[in-house]
Amino acid sequence: MDRRVLIIDDDQQMCQELSDLFRSKRISVMTAESGRISLKIAQQDPYDVALVDVRLPDCDGIELIAQLRKKRPESAYILITAYASLESAIKTVRYGALEYIPKPFEIKDVIQAIERGFALKDEVVSAADHHKKIADANRDLEKKLDGLRRLNDIYLGREREIADLKREVNSLMKAMNQDIKYEDC
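Numbered per the numbering used here, the sequence shown spans residues -14 to 170.
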């Protein structure tokens, strides 16, 4: 399976080092140095995980995650920052980031976070596929149920017609029996 990571960071050296690392692990990499560029990429190219710096030249990385999630809700988001604070960590979680990694970081921590992001993306996609299958099966069952309802309506309509005919026949039989009785007299 081709894994794709989007790195959003204005630090070119950081982007290059992470790109080299991910490519060595056979992970496709796209980079963006601003929020604006990352939104264009998100519009055109799918990715499994986005690694987002909190401070970008044109926007706040935490708020960028919210915008990216609208375009790619199935993807996982990891925030990296040299300006870690409890407030930004809480805000990051509220905006739907999977991880919050302060700089400087250990490479193994980033790799583990990316792997968790891939796993989350797989679960989200699997759940979406499962949901689609259930929705499709539900639509099929609704169609069958509608067909059965129509048959039931036809049957009940016929049943009423048959009951009306029986009443008519009984009424005619009674009338004929009375006519026969009168003729016997």
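Yeah, the Cβ is synthetic: ideal placement off N, Cα and C, and Gly gets one too.
Here's a check: name, in chain order, each residue in its chain whose Cβ is nearer than 8 Å to the Cβ of residue i, leaving out the five neighbours to either side.
i, result
"aspartate 43", "Ser19, Gly20, Arg21"
"threonine 16", "Leu(-9), Ile(-8), Ile(-7), Asp(-6), Cys0, Ser4"
"arginine 152", "none"
"isoleucine 96", "Leu6, Lys10"
Below 8 Å on the Cβ atoms is my guess for residue i versus residue j; work out the distance and round it to an integer in Å.
i, j, result
"arginine -11", "aspartate 38", "Incorrect: roughly 18 Å between the Cβ atoms, too far for contact."
"serine 23", "leucine 49", "7 Å"
"alanine 74", "isoleucine 86", "About 10 Å separates the two Cβ atoms, so there is no contact after all."
As a quick exercise: from the options, pick the residue whose alpha carbon is nearest that of residue i.
i, options, result
"glutamate 2", "Tyr62, Ala148, Phe90", "Phe90"
"alanine 27", "Tyr62, Ser9, Tyr140", "Tyr62"
"aspartate 30", "Val14, Leu41, Arg40", "Val14"
"glutamate 100", "His115, Glu84, Arg152", "Glu84"
"glutamate 108", "Leu36, Asp125, Ser60", "Ser60"
"arginine 40", "Leu6, Asp(-4), Pro58", "Asp(-4)"
"lysine 56", "Leu71, Lys76, Ala35, Ile75", "Ala35"
Please name the residue or residues paired with residue i in a DSSP beta bridge.
i, result
"tyrosine 85", "Leu64"
"threonine 16", "Ile(-8)"
"valine 78", "Note: valine 78 sits in no beta bridge, so no partner."
"aspartate 38", "Ile65"
"aspartate 45", "Arg40"
Below 6 Å CB to CB, which residues in the same chain sit around residue i once its five sequence neighbours on both sides are set aside?
i, result
"leucine 80", "Looking at the sequence itself, residue 80 is tyrosine, so the reference to leucine does not match. Around tyrosine 80: Ile47, Ile50, Ala51."
"arginine 54", "Gly81"
"isoleucine 12", "Arg(-12), Val(-10)"
Given residue i, which residues of its chain have a CB within under 7 Å of its CB, disregarding the five upstream and five downstream residues?
i, result
"lysine 88", "Ile65, Thr66, Ala67"
"valine 110", "Glu59"
"isoleucine 92", "Leu6"
When you compare the CB of residue i with every CB in chain E, is at least one pair closer than 9 Å?
i, result
"glycine 102", "Absence of chain E from the displayed structure is noted, only one protein chain being present."
Just to confirm, does residue i get its C-beta within under 8 Å of one of the non-hydrogen atoms of the ligand COA?
i, result
"leucine 105", "Summarising the ligand content, the structure contains no ligands, and the ligand COA is consequently not present."
Checklist entry - If you scan the stretch 115 to 156 from start to end, which runs of the beta strand (DSSP E) of 3 or more residues do you find wholly inside it? => result None, since the stretch 115 to 156 contains no complete beta strand (DSSP E) of that length.
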